[in-house]
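Chemist: So the sequences go chain by chain: A and B.
For the first sequence, the residue numbers in the numbering used here are 9 to 128.
For the second sequence, the residue numbers in the numbering used here are 4 to 115.
Where is the CB? At the ideal position from N, CA and C, for every residue including glycine.
All figures in this text were calculated on a predicted structure; none of them were measured in a lab.
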Amino acid sequence: NAGVMQNPRHLVRRRGQEARLRCSPMKGHSHVYWYRQLPEEGLKFMVYLQKENIIDESGMPKERFSAEFPKEGPSILRIQQVVRGDSAAYFCASSPLPEGTGPLAKNIQYFGAGTRLSVL
Amino acid sequence: ELKVEQNPLFLSMQEGKNYTIYCNYSTTSDRLYWYRQDPGKSLESLFVLLSNGAVKQEGRLMASLDTKARLSTLHITAAVHDLSATYFCAVYSGGGADGLTFGKGTHLIIQP
Numbered sequence: 009n010a011g012v013m014q015n016p017r018h019l020v021r022r023r024g025q026e027a028r029l030r031c032s033p034m035k036g037h038s039h040v041y042w043y044r045q046l047p048e049e050g051l052k053f054m055v056y057l058q059k060e061n062i063i064d065e066s067g068m069p070k071e072r073f074s075a076e077f078p079k080e081g082p083s084i085l086r087i088q089q090v091v092r093g094d095s096a097a098y099f100c101a102s103s104p105l106p107e108g109t110g111p112l113a114k115n116i117q118y119f120g121a122g123t124r125l126s127v128l
Numbered sequence: 004e005l006k007v008e009q010n011p012l013f014l015s016m017q018e019g020k021n022y023t024i025y026c027n028y029s030t031t032s033d034r035l036y037w038y039r040q041d042p043g044k045s046l047e048s049l050f051v052l053l054s055n056g057a058v059k060q061e062g063r064l065m066a067s068l069d070t071k072a073r074l075s076t077l078h079i080t081a082a083v084h085d086l087s088a089t090y091f092c093a094v095y096s097g098g099g100a101d102g103l104t105f106g107k108g109t110h111l112i113i114q115p
């Protein structure tokens, strides 16, 4: 059972270009999360998606960033007109349907290896 | 806004010693995770703590949760070099969103 697959592993873009990051969740997982990690920092939640639905995008910058998780294919995090401050590691995580509801639902998130974006 | 603080942020210790990493969080939550990250790698799930007083152990690592104090600890017993990594605690903030709030991580170096 392959884990969470992210590609590319490394991405270099010049300022003003677009970056597209891909994430294929673990088999059987229907929930996808995107996080951003700056150097020496913890991960910051960006967005939570289920198939064809954005459930929570409270951590997404208001401009230039968008995410989708189509019915077929991987989840995509898209950054338009990148700036140097977008340089970071972007991690995707997936989880299965929670085991029940309420506080007993473990809902472990399984992380991919990340995409390291460098903006020149 | 939920805040998660870990300390220490950097820890250098010798093999064979014991130490504890602390994770404090600011608002009520009853689900806390510990992850390990090796340099340039992804995060590996270590423990899920779901209720007050929960204690989980795996090898030389033991994690506990005190929801009343809003504190979790990760205790390392008789450290070995292979445990060198960055350890993150993450707290579920609730509200149905399931996004985790992470601490800044504890960078642990274990020297022979």
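Could you compute how far the alpha carbon of residue 52/B sits from the alpha carbon of residue 104/B?
Modeler: Against the second sequence, residue 52/B aligns to sequence position 49. Against the second sequence, residue 104/B aligns to sequence position 101. Spanning the two alpha carbons is a distance of roughly 15 Å.
Chemist: With a cut-off of 9 Å, does the C-beta of residue 93/B fall near any C-beta of chain A?
Modeler: Taking the second sequence and counting its residues from 1, one reaches residue 93/B at position 90. It does; some Cβ of chain A falls within 9 Å.
Chemist: Give the single residue among 11/A, 28/A, 14/A whose Cα lies nearest to the Cα of residue 94/A.
Modeler: The residue given as residue 94/A occupies position 86 in the first sequence. Among 11/A, 28/A, 14/A, the Cα nearest to that of residue 94/A belongs to 28/A.
Chemist: At 8 Å on the CB atoms, spell out the chain B contacts of residue 75/A, in chain order.
Modeler: Here residue 75/A refers to the residue found at position 67 when the first sequence is read from its first residue. Result: empty, since nearest Cβ-Cβ is about 13 Å, beyond 8 Å.
Chemist: Give every residue of the same chain whose Cβ lies closer than 8 Å to the Cβ of residue 59/A, excluding the five residues on either side of it in the sequence, and list them in chain order.
Modeler: Taking the first residue of the first sequence as position 1, residue 59/A is located at position 51. Excluding positions up to five away in sequence, the list reads 38, 77, 78, 79.
Chemist: If I follow the unbroken beta strand (DSSP E) through residue 58/B, where does it start and stop?
Modeler: Numbered from its first residue, the second sequence carries residue 58/B at position 55. For residue 58/B, the enclosing beta strand (DSSP E) stretches over residues 58 to 61.
Chemist: Quick check: the Cα distance between residue 16/B and residue 97/A, rounded to an integer number of angstroms?
Modeler: Here residue 16/B corresponds to residue number 13 of the second sequence, with the count starting at 1. Here residue 97/A corresponds to residue number 89 of the first sequence, with the count starting at 1. Each residue's alpha carbon lies about 28 Å from the other.
Chemist: Measuring alpha carbon to alpha carbon, tell me which of 84/B, 71/B, 86/B, 65/B ends up nearest residue 78/B.
Modeler: Here the question's residue 78/B lines up with position 75 in the second sequence. For residue 78/B, the nearest C-alpha among the options comes from 65/B.
Chemist: Closest to residue 26/B by C-alpha separation, out of 13/B, 112/B, 113/B, 93/B, would be which residue?
Modeler: Residue 26/B sits at position 23 when you count from the first residue of the second sequence. Considering only alpha carbons, the answer is 93/B.
Chemist: Where does residue 86/B fall in DSSP's three states?
Modeler: Position 83 of the second sequence, counted from the first residue, corresponds to residue 86/B. Helix.
Chemist: On the DSSP letters alone, give me the boundaries of the beta strand (DSSP E) that residue 79/B sits inside.
Modeler: The residue you call residue 79/B lines up with position 76 of the second sequence. Segment 74 to 79, the beta strand (DSSP E) holding residue 79/B.
Chemist: Using CA coordinates, which residue listed in 30/B, 19/B, 61/B is at the minimum distance from residue 8/B?
Modeler: One-based indexing of the second sequence puts residue 8/B at position 5. Selected option, being the one with the closest Cα: 30/B.
Chemist: Provide the residue(s) that pair with residue 76/A in DSSP beta bridges, ordered along the chain.
Modeler: Counting from one through the first sequence, the residue named residue 76/A turns up at place 68. DSSP lists 84/A as partners of residue 76/A.
Chemist: Since residue 49/A meets chain B, which of its residues come closer than 9 Å, beta carbon to beta carbon?
Modeler: In the first sequence, counting from the first residue as 1, residue 49/A sits at position 41. Within chain B, the residues near residue 49/A are 105, 107, 108.
Chemist: Mind reading off the beta-carbon distance from residue 41/A to residue 117/A? Whole number of angstroms is fine, and I expect it under 8 Å.
Modeler: On the first sequence, residue 41/A is found 33 positions in, with the first residue counted as 1. On the first sequence, residue 117/A is found 109 positions in, with the first residue counted as 1. With 8 Å as the limit, residue 41/A and residue 117/A qualify as a contact, their Cβ atoms being about 6 Å apart.
Chemist: Just the chain B side, please: which residues come within less than 7 Å of residue 120/A by C-beta, in chain order?
Modeler: Here the question's residue 120/A lines up with position 112 in the first sequence. By Cβ distance, chain B contributes 45.
Chemist: Taking residue 71/A as part of the beta strand (DSSP E), name the residues at either end of that continuous run.
Modeler: As a position in the first sequence, residue 71/A is number 63, starting the count at 1. Per DSSP, residue 71/A belongs to no beta strand (DSSP E) and is neither H nor E.
Chemist: What are the boundary residues of the beta strand (DSSP E) that includes residue 25/A?
Modeler: Position 17 of the first sequence, counting from 1, holds the residue named residue 25/A. Unbroken run through residue 25/A: none, as it is neither H nor E.
Chemist: Buried or exposed: which applies to residue 85/A, given that a residue is buried once 16 or more other Cβ atoms fall within 10 Å of its Cβ?
Modeler: To locate residue 85/A, count along the first sequence from 1; it is residue 77. Per the 10 Å Cβ criterion, buried.
Chemist: Since residue 68/B sits in a beta bridge, which residues does DSSP pair it with?
Modeler: Working through the second sequence from its first residue, we reach residue 68/B at position 65. In DSSP, residue 68/B forms a bridge with 75/B.
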